[in-house]
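Report on the structure given below.
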Amino acid sequence: MQNSILKKLLICALLFLFFPLLAQETAKDSTKKATKELPLEPERTIEFATDRGTWISLDVSPDGQTIAFDLMGDIYTMPITGGKAKALTNGLQYDVHPRYSPDGKSLVFISDKSGSDNIWTIDLASKKETQVTEEKKHNFFSAEWTPDGEYLVGAKGRRNIKPHIYHKDGGSGSQLVDKPKEIKLIDPAFSADGKLLYFSQRKSSWNYNAQLPQYQIGAYDMEDGDMAVVTSRYGSAFTPTLSNDGNWLVYGTRFEAETGLVLRNLKTGKERWLAYPVQRDEQESIAPLGVLPAMSFTPDSKSVIASYGGKIYSISVDDNVAREIPFQVDVKLELGPQLKFKYPIEDTTEALVTQIRDAKPSPDGSRLAFTALNRLYVMALPNGTPKRLTTNDFTEAQPSWSPDGTSVVFTTWKQGGGHLYKINVDGRPKPVRLTKEPGIYTHPAWSYKSNRIVFHRGTAQSYDDAIGPFAQGSQVDLAWVSSNGGEIQFIDKSKGRQIPHFTKIDDRIYLSQNEKGLLSIRWDGSDEKEHLKLTGIETFGSQDIFGKDHDGAYGIPSALPTAEDGWRENKKASKPTEIHISPDGKTALALINNDLYTVTIPRYGKTPSVSLAKADKAAFPAMKLTVMGGEFPVWSHDSKKVHWSLGASHFRYDLLAGKKFQDSLDLIKKEKEKMKGKETETDSTEVDKKEDKDKKDPKFLAEEFKIKVRYGKDIPQGMVLLRGGRLITMKGDEVIENGDILLENNRIKAIGASGSLTVPENTVIIDVSGKTLTPGFVDTHAHMWPNWGVHKNQIWMYSANLAYGVTTTRDPQTATTDVLTYADMVEAGMLHGPRVYSTGPGVGFWKYQIESLDHAKEVLKQYSEYYNTKSIKMYLVGNRQQRQWVIMAAKELELMPTTEGGLDFKLNMTQLLDGYPGHEHSLPIYPIYNDVVKTIADSKMAVTPTLLVSYGGPWAENYYYSREKVWDDAKLQYFTPYEELAQKSRRRPGWFMDEEHVFKKHAEFMKDLVGAGGLAGVGSHGQLQGLGFHWELWSVSSGGMNNHDALKVATTLGAEALGLDGDLGSLRVGMLADILVMDENPLNDIRNTNTLTHVVKNGRVYKADTLDEVWPTEKKAEVFHWQTKKPEGLPGMKN
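Numbered according to mature numbering (1 follows the signal peptide of the UniProt record, and there is no 0), the sequence shown spans residues -23 to -1, 1 to 1112.
Quick look at the structure:
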C-alpha cells in the first residue's frame, strides 16, 4: 500500500510541476459504458405483430422441416408449413441472411454485434453463438457453407465486394478472387457437388440511371480457380440458387419493369419462367442483402421457397404452382435514444458572427487580422475589440501582414472583378489599390525581405461566370506585384500549386500541392524542389465508400458518385489539404482531414515521405495539435506558435509548451511502469487498477480567443394585413376559406376569418382575395454551394429558391464551412435568400477515424460549440460501433443528426434502430411493408427522400426534364445562369419509359409513412434551384398522398424535422411570417404550388417573379449579374 501512495504522490507532483496548461477531462458514465462492441444502450422498444415483412431472406433446413428467415434485423424459425415464428436472435445488433449447415445443426449469419459486420454461427441446440471472422472495416453481405460443412464463403469488402473463404472454426481466411479490381461478386451459392461457386457478378459497385444489364451469373471453379459467366440476360441475372440434386439453377432477372425468377435445367441448359413478378430486385443500388432476398430449394429439389409481396411462398418446380406459407411474427425491436431537440429562433436585434475567416497574427503577435461577414477587421490580442479597417460594401478576404506589422494586404471581389489592396492598420487611411486590372486574386503573401506580394490570379470573367464554388476552365497564374502597386510580374502557371508563402531567407516561394506535397520555386518560376510529402490516417468514411465526388454540385464534385468511382477501393492514407513551412524553415505545418500537425522537415538528399497517422510515433519529430479540428492554419512570425480558427474562435498553440507537456506525460508513464514493477499484491488495490484503466491521458490545449463581431439582424418594422385569402394554416386540417393575416414586424400578430381582426391604424393592406396562402416551404435537403474562398455578393441559388417560395433551407453536407458566413449575411440582410441552415461538412465527408465516444464528442463539438449548426450529417463514418458513438455524442451535445442513405438498405435499418432522427435519400428498395413503415413512423425518424435523384432506378428529374418545357420557363431564365440552365435542360442523356421510373413507388412509401404519423421532408438536392423543390414536392405526392398531406411535408413536418416548428411551418399567432401567396389552390392540384405571386420571408413581402420588395419598402431588386441574354444586333448570318 505504501508504494501505491508514493506513486500517486509522485504523479501529482509531476502534474503540478509540468502541466500548467493541463486539459484533463473527467470520464463520464456514458464514456465508461462505451467500451463494449455495441456501446449504445437501448432506450425505446417498438412492438407489433405482423404477417408480412420487407426483404425477407430465408433458408430451409436439410430435413425439410423448418424455415429460418430474417426480419428487421432478427432471425426467426418456423415450421415449413407456416405458423408462429420463434425468435432465434434479438437485440440491438442487426442479424441477417441465415443459412443452414449441411448437417442442420447450426446456422451461419451476418451480424454486427461485434461492432462491425462479421460472420457468425449459432448452434441450434445450445443457442451458443460463435464469431468466425474479426473484421473491423469491411462489410459482409452474406455467407454460405461449403457442401462438406467445413468452410464458409463470405462476400466481403467496402465497395466492390469479393469472396473470401474461412474455416468454420476461425482463422483469417483467404480471398478467392481479387482481379479485376472493378469486379463485384456477391450472393455466393455452391453447386450440389461443391465444385462450382456461383455469384451475382458485375463491374463496379453500382450505376445511377443505369442501363441494363447490370449483373450476370458467374461461376468459380473451386478446383482450378477459373471464372466463367454463365448467363447473358438483358434484364441481368442474379442471386443464383442451386437444387440439392444438381439439376436446377434458379436466378432472378428483370423483364420490362419487373423482376421474375427463371429456372434453368443444368443438364440441358433449357430455361423457363418460374415466377413473375416477384420482389423488385436491387441491381441498381449497392444490394447489401443480395440482389434478391435469399431463397432455397426444398431438400427434395421439388420446390423453391422464396419471399415476395411481403409473404413466403413455396413454388412447385413441376407446375409453377405457388402456395403461401403463412407466418406470424411478434416483433420486439430495441431502439436507441429519441433525439428531438428544439431550436427557437430569437428576435434579438443583433447577433454574433458564426465564423471568422483567414485570421493572421501580426509579426509581433499582438494583433489579429481577419474577415467576418466578408469584411476586414483587426483586433488586439487577447481581448481587444474588433475594428473594421475600411468602409467598402463588397467582399474583402484573405488578409496578409507586412513584415513590419504596419499594413495588411487583402483581396476583394465585386461584380466585374476584384483587386489587391493594402491598408495601414494604424490610423484610418483609405486602402490603396495595388493592381490595375480586375481579376480574381487569391492568397496574397508578403515576402519578408522585399516589397513583393505574391498571389494567384485568374480572370475576372471566369469568376464572374462561375456558377458554383470554383471558376472552371480558367488558367490561374502565380505572380507578384510591388507593395507600392504597379505592373504585375508573371512567375509561372499555378499547376495546382497553392497557398504561396515564405521562409525568412526569402529566396524561394513555397507552395503546397496535392501530389507533390511541400515544394518551392525560385522567383522566376524555375528550379522546382520537392521538400516533404505527408500522409495521415486511413479513414472509413463517405469518400472511401463513394469516392471523392459524392454529394457535390456545380462542376466540382458531381451530385452523386459515378460508375468509374464505384470500384476504387480506397485504402490509401489521407493527404494534406495544405502544408506550410515555418518561417525559420525547420518545420512543416499540415492540415489533414481538418486536423493540424507539425513535423520536423528532414533533409537527406531526397524528398522525405512521413506518415502522421500516429504523430507521436512518426519517423521524425511530429505533433498533433488539434483536439476537435481546425481551419485556416498559419505560423507565428517566430515559428514558435501555430494559429488556427474554428467558427468565431481563434486558437494559438505554443509548440515549446506542448512539447514540454508531452515530455512530462511520457516521464509520468515511465515512472508508473517502474512503480508497477515494485508493487506487491497488497500495494495495488482493485480500485487503483480500475482508476488507472478509466483515466484518460491529459491533453495540452491551445489558447482560445472568442472573437465577437456583432451584426444587426434584418427585421422589418411595421404592420401589414394580408386580406381575404384562403388560408391553409397547417393547424391540423384547418383551412380558412376567407381569412386575414396581420403581420407585425416579422411575426404573425393575428389570424382569422376576414374582417374579424382588430387592425391598427396605418396598417398597410395587401389584398389577396381569391388567392391561397400557405406557410413558406422548408427544403430539408438543399444543396446550395456558392463560391468558396473569396465570396460573392449575390448568390443566384439563394435568390432562385426564395423566388420559388423556399423560405427555409437545410443543406445536409456543405463540404466546406463557407456556408456559415453566407448564412450570417442572409440574416443580416446583406443577401437575398431563404433562411440558410446546414449541417456543415458531413461527419465522414470530413474524414475521421473515430476511435471512441470521447473522440466522437470532440469531433462533434465543432458543430455544437463553434459552428452552431444545430444538426450534423452522420456521413457513413465507419462501422456500427463508430456510428453509435456519434449518436451518443450527438445526444449529449444536443445535436440533431441526419444520415446518408448511401443506397444501402441494411445501413438504413441499423441507423433507424440506433435512433438517428433523420434519413436522407430514398430507401433503395420497394415495396416497403408495415414492419418498416411502422418502425420509422413510431421512431420519428424524418425521411427526406430526394426523389429527383431516386435510389434504385432512374432519377425523377429525368421524368420532368423530358416532359416539361424547362428551357422556355421565363422565371427560370430570370433566376438561373445561362450555363446552368442550358446544361441541364437543352441536351440530356437520360430518357426512360414511364413504367421504368421508380419515384412513384418510393412515393407510395412516403404516403404510408405520413399516414402512419411519421415525419418527412421535401428535399430538392440542389438539382434545379427553386423549381426543383416543386418537382420534388410533386414527386412525393405522386404515390397517392393527398395534397394537404403533401403540403404538410413541405412545411410543418419539414420544420419539425429540423427542430424549428416552434417558429416555422404553420400559420399561427406568434409564428415567423414566412408565407406564400398563390394564384391557384394547391389543394385542388398540387402543381398549383408553382403559381406564386408573392413570397413573404421574415415579414418582408416580395414579388415572386422578380424579388422586387413590396413591403415595408417598395424597391426594385438589384440587377442579377448572372442573367445572360441572347446576342442580338451583331454581325452574323441572317436566318
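Beta carbons are placed, not taken as given, at the ideal position from N, Cα and C, and that holds for glycine. As the structure is a computational prediction, the values presented were derived from the model and not from experiment.
{"Check": "Beta carbon of Arg241 nearer than 8 Å to that of Trp225", "Outcome": "yes"}
{"Check": "CA-to-CA distance, Leu1037 to Gly1047, given in whole angstroms", "Outcome": "13 Å"}
{"Check": "Per-residue DSSP class, three states only, for His898", "Outcome": "coil"}
{"Check": "In DSSP terms, what Lys470 is bridged to", "Outcome": "Asp454"}
{"Check": "Close-in-space but distant-in-sequence residues of the same chain around Ala730 (CB under 7 Å, 5 per side omitted)", "Outcome": "Ile713, Asn715 and Gly716"}
{"Check": "Three-pair Cβ contact test at 8 Å for the stretch 694 to 710 versus the stretch 753 to 764", "Outcome": "no"}
{"Check": "Ser776 beta carbon less than 8 Å from that of Leu1001", "Outcome": "no"}
{"Check": "Alpha-carbon to alpha-carbon, Asp971 and Asp198", "Outcome": "42 Å"}
{"Check": "Three-state secondary structure assigned by DSSP to Asp1038", "Outcome": "coil"}
{"Check": "Beta-carbon proximity check, Asn723 vs Asn1075, cutoff 8 Å", "Outcome": "yes"}
{"Check": "contact_flag[the stretch 801 to 808, the stretch 839 to 854] where n(CB pairs < 8 Å) is 3 or more", "Outcome": "no"}
{"Check": "Exposure of Val975, with buried meaning 16 or more beta-carbon neighbours within 10 Å", "Outcome": "buried"}
{"Check": "Three-state class that DSSP yields for Gly435 in the structure shown", "Outcome": "strand"}
{"Check": "Inter-residue Cα distance where the pair is Glu555 and Lys337", "Outcome": "16 Å"}
{"Check": "Alpha carbon of Phe467 to alpha carbon of Ile482, nearest angstrom", "Outcome": "21 Å"}
{"Check": "Identified DSSP bridge partners for Ser284", "Outcome": "Ile289"}
{"Check": "Cβ contact check for the stretch 818 to 838 and the stretch 353 to 365: 3 or more pairs under 8 Å", "Outcome": "no"}
{"Check": "Residue(s) in a DSSP beta bridge with His1071", "Outcome": "Val1054 and Lys1080"}
{"Check": "Own chain, CB closer than 8 Å to Phe1097, minus 5 neighbours either side, in chain order", "Outcome": "Gln771, Trp773, Ser776, Tyr951 and Phe952"}
{"Check": "Straight-line gap, Ser220 to Gly313 (C-alpha atoms, nearest Å)", "Outcome": "41 Å"}
{"Check": "Simplified DSSP assignment, three categories, for Gln694", "Outcome": "coil"}
{"Check": "Sheet register partners of Glu373 (DSSP bridge)", "Outcome": "Thr389"}
{"Check": "Buried or exposed (CB count within 10 angstroms, at least 16 for buried), residue 1128", "Outcome": "No statement about residue 1128 is possible, as the shown extent of the chain runs from -23 to 1112 and does not include it."}
{"Check": "Glu1091 burial status per 10 Å Cβ neighbour count (16 or more: buried)", "Outcome": "exposed"}
{"Check": "Beta-carbon gap between Thr43 and Thr31 smaller than 8 Å", "Outcome": "no"}
{"Check": "Per DSSP, the bridge partner or partners of Trp1008", "Outcome": "Per DSSP, none; premise fails for Trp1008."}
{"Check": "Own chain residues within Cβ distance below 6 Å of Val611, not counting five before or after", "Outcome": "Lys337 and His620"}
{"Check": "Delimiting residues of the beta strand (DSSP E) encompassing Trp122", "Outcome": "Asn116 to Trp122"}
{"Check": "Cβ-Cβ distance between Asp1051 and Val308 below 8 Å", "Outcome": "no"}
{"Check": "Sequence-distant residues of the same chain with beta carbon closer than 7 Å to Glu507, five excluded per side", "Outcome": "Lys493, Gly494, Leu496 and Thr584"}
{"Check": "Between the CA atoms of Thr816 and Ser848 - distance to the nearest angstrom", "Outcome": "5 Å"}
{"Check": "Pairwise C-alpha distance: Gly450 and Gly1109", "Outcome": "27 Å"}
{"Check": "Start and end residues, beta strand (DSSP E) containing Thr798", "Outcome": "That residue, Thr798, is in no beta strand (DSSP E); its alpha helix (DSSP H) goes Asp795 to Glu804."}
{"Check": "Neighbourhood of Leu734 by C-beta distance below 6 Å, restricted to the same chain and skipping five residues each side", "Outcome": "Asp717, Leu719 and Ala727"}
{"Check": "Where Asn885 falls: helix, strand or coil (DSSP)", "Outcome": "helix"}
{"Check": "Extent of the continuous alpha helix (DSSP H) run through Phe982", "Outcome": "Phe976 to Gly988"}
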